[in-house]
Amino acid sequence: MITLGIESSCDDTSIALVENGTKMLASLVSSQIEIHKRFGGVVPEVASRKHLEAILPLLNEALDKARKKLTDIDQIAVTAGPGLLGPLLVGLTTAKALAWYLKVPMVPVNHIEAHLTAAFLTAEQLPEYPFLGLIVSGGHSNLVYATGPRDFEELAHTLDDAPGELYDKVSRHLGLGYPGGPIIQRTAEGGDHKAYKLPKPMSGKGFVFSFSGLKTAVMRIMEKEGDALNMPNLCASLQYTVAETLAEKVELALKERKPKVLAMAGGVAANKILRERMQKIADKHQIRLLLPTIHLCTDNGAMVAAHGFLTSKLAPQNSIMVNASANWEMGQPYNF
Amino acid sequence: MKYLFIDASENLTHVQTGTEKNFSAKTIDTNRDFAAKITEICDNMLKEAGWEKEDLTHLVVCTGPGSLTGLRVADGFLRALAMVLNIPLIGIDLFKWSIQSLSDKGFEGEARLVMPTLIDKAFEVKCQLSHKDAPTQSGGAVERSETEGAAMRSIAEEGSCHKVSGDGAFKISNPVLIEKKDIPSDIKTFGIRYNHESTERIEPTPEALHKIILEEAKTAKSRINEILKVLPLYIIPSQAERNFKGGDK
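Residue numbers (my numbering), protein chains in the order written: chain A, 402 to 737; chain B, 544 to 792.
Below you can see the structure in the form of structure tokens.
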């Protein structure tokens, strides 16, 4: 069964074709990072316009790459939320037109749930339940215990900023640019993570994240150090503290739930220090760690297609009538 | 010829199907849920016309100005559909549609058309409608003429000329944003789907739309590059773009 995946929830337009939920036939992304750079973040209206321009040429390119025709598609999976409403609607209406014409099912997909499936897609396998999932990106910081394709128990979420958001904000304050995550990782190379002591937010306070205080702490160091500020050391210290903060909560969940598998997903899951830290935890607890490739960490249509394959039987028959939902939470009912 | 048209530029959705001989138009209140109902709306229009999707020869979308989300949903849906059906997508803006409607009412001469936006501004275009001396082809720059008045010279410098049905033609300036409070009253001013103390309301009519579609269909192409050119009129920059003053940082 071939699933077409369409993703347009933020600033990446992505189209993919995935066979049986595990084999990527094509996965293409058209990034708008260069366009939004000058604004210091994603501008929803501008993103919507660019999605509209990019989506059809990308679809044609993906079909060519997969050597498939439109009529080879068995179902269409599309991100219906959460995300920016204008961008979401571009992907959703394109999916509706294709599903309507091809007379195939349209499966609305929750973007965050799909990120977790990306970790399994990398291993070319369907998810094994139960597993512990950590989703870390520009908009999300969730620790969940998954027992089925749409069954999640949320163990922790952030009270304020997500880690990716923290990186973007700090990067802007440091004058390093956008997007923050990759820039901070590059700047941290060769830096000493012990050089600046940053507070580990919500340490010892159970299942809760908070990252906005770290931004304030970084700004205080900037003010105090002035011209003496060592940028690589500061970025290395920040990455280390974020990784340690996430690691503490993951270990807590592993001790409590004792799952056999840990999956990490989201844009921040591309961070090298965080990946190494999670591997250490997996080794210590003797569990399997699933990490998406760097391509599958960021927003992509392949994870949408794979999750659409996984949840197709759970989606209502009249899914083509579904609406986009900017705040659609994991495991929540479809939005009509 | 069998066309399907969608205008989602305002709260009410206007849809129309037609052939060379006749057309059927509907206005639907989608209760701000147009994106959810778009396939249902299209299904119903095709059912009433007795057509299958594959019977369609042309798709037509209103490019605005208007609700950016509504315009984008309609355009996104019809662009994808045009591509898979391998048929042309025609974009028609509300200025042209309204001028054709004015022409059908027999209006001739100089006029302004205004259209409100959500901010305290309105679009304004200047136009001159003539039922004779039609240009030989639509589009392109208007040649300046010494017999034209100063206002119309301005239109010629900024705008373009288009055919209307029959022997008529109009010259139109590019849209500019003016303060709503500054809507002029010196020459005949029409408000597109808009009531204002110094304007006369003009409703773009299904008849006028049908005439434009028949004209545009003669040259419309189904090539993907042509389909991709049909985009909503993004006349107002987004808030972030309006606020942005610096260079790349």
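By construction, the Cβ of each residue, glycine as well, lies at the ideal position given by its N, Cα and C atoms.
Just measuring C-alpha positions, the residue of A:417, A:404 and A:496 sitting nearest residue 473 (chain A) is A:404. Inter-segment contact for the segment 475-493 of chain A and the segment 600-619 of chain B is present: three or more beta-carbon pairs are separated by less than 8 Å.
By the criterion of at least three beta-carbon pairs nearer than 8 Å, the segment 624-636 of chain B is in contact with the segment 598-613 of chain B. Listed along the chain, the chain A residues whose CB falls inside 8 Å of the CB of residue 777 (chain B) are 450. Across the structure, residue 747 (chain B) and residue 606 (chain B) are spaced so that their CA atoms are roughly 13 Å apart. Remark: fewer than three beta-carbon pairs, one from each stretch, lie closer than 8 Å, so the segment 512-528 of chain A and the segment 550-569 of chain B are not flagged as touching. No Cβ of chain B is located within less than 9 Å of the beta carbon of residue 425 (chain A). The shortest C-alpha to C-alpha distance from residue 685 (chain A) to any of A:655, A:670, A:665 and A:707 is the one to A:655. Interface with chain A (9 Å Cβ-Cβ cutoff): residue 585 (chain B) is included. Assigned with DSSP and collapsed to three states, residue 735 (chain A) falls in coil, not helix or strand.
For residue 548 (chain B), same chain residues with a beta-carbon under 6 Å away, outside a window of 5 residues either side, are 559 and 603 in chain order. Under the three-state reduction of DSSP output, residue 587 (chain B) falls in the helix class. Measuring C-alpha to C-alpha distances from residue 431 (chain A) to each of A:463, A:446 and A:441 identifies A:463 as the nearest. Below the 8 Å Cβ cutoff, chain B contributes 611, 612 and 615 as neighbours of residue 487 (chain A), in chain order. For residue 582 (chain B), the residues of chain A that pass the 7 Å Cβ criterion are 497, 501 and 721, in the order they occur in the chain. For the options B:566, B:666, B:624 and B:739, the alpha carbon positioned closest to that of residue 637 (chain B) is the one of B:666. Check the Cα spacing between residue 729 (chain B) and each of B:594, B:592, B:565 and B:655: the tightest is with B:655. Across the set A:704, A:458 and A:507, the C-alpha of A:507 shows the shortest separation from the C-alpha of residue 713 (chain A). In this structure, DSSP gives residue 511 (chain A) an extended state, which the three-state scheme calls strand. Scanning the segment 575-658 of chain B from its first residue to its last, the whole alpha helix (DSSP H) runs of 4-plus residues come out as 577-592, 611-628 and 637-647.
Residue range 613-626 is occupied by the alpha helix (DSSP H) that includes residue 619 (chain A). Of all C-beta pairs linking the segment 540-551 of chain A to the segment 679-697 of chain A, fewer than three are shorter than 8 Å, placing the two stretches out of contact. Contact check for residue 478 (chain A) against residue 710 (chain A) passes: the beta carbons are separated by less than 9 Å. Residue 710 (chain A) is not bridged by DSSP to any residue.
According to DSSP, residue pairing for residue 744 (chain B) in a beta bridge involves B:734. Within chain B, the residues 615 and 619 have their CB atoms less than 7 Å from the CB of residue 491 (chain A), given in chain order. According to the DSSP assignment, residue 641 (chain A) belongs to no beta strand (DSSP E) but to the alpha helix (DSSP H) extending over 632-658. Cβ-Cβ separation between residue 659 (chain B) and residue 776 (chain B): approximately 14 Å, too far for a contact (criterion under 8 Å). Among the bridge pairs identified by DSSP, residue 715 (chain B) is matched with B:670 and B:703.
In the assembly as shown, residue 737 (chain A) is an exposed residue. Its beta-carbon has fewer than 16 other beta-carbons within 10 Å. Along the segment 498-543 of chain A, the alpha helix (DSSP H) occurs as fully enclosed runs of 4 or more residues at 512-523, listed in sequence order. In the displayed model, residue 558 (chain B) falls within a strand according to three-state DSSP. Between residue 642 (chain B) and residue 721 (chain B), the gap from beta carbon to beta carbon reaches 9 Å or more. By the CB criterion at 9 Å, residue 544 (chain A) and residue 651 (chain A) fall inside the cutoff. Under the three-pair Cβ rule at 8 Å, the segment 631-647 of chain A does not count as touching the segment 656-663 of chain A.
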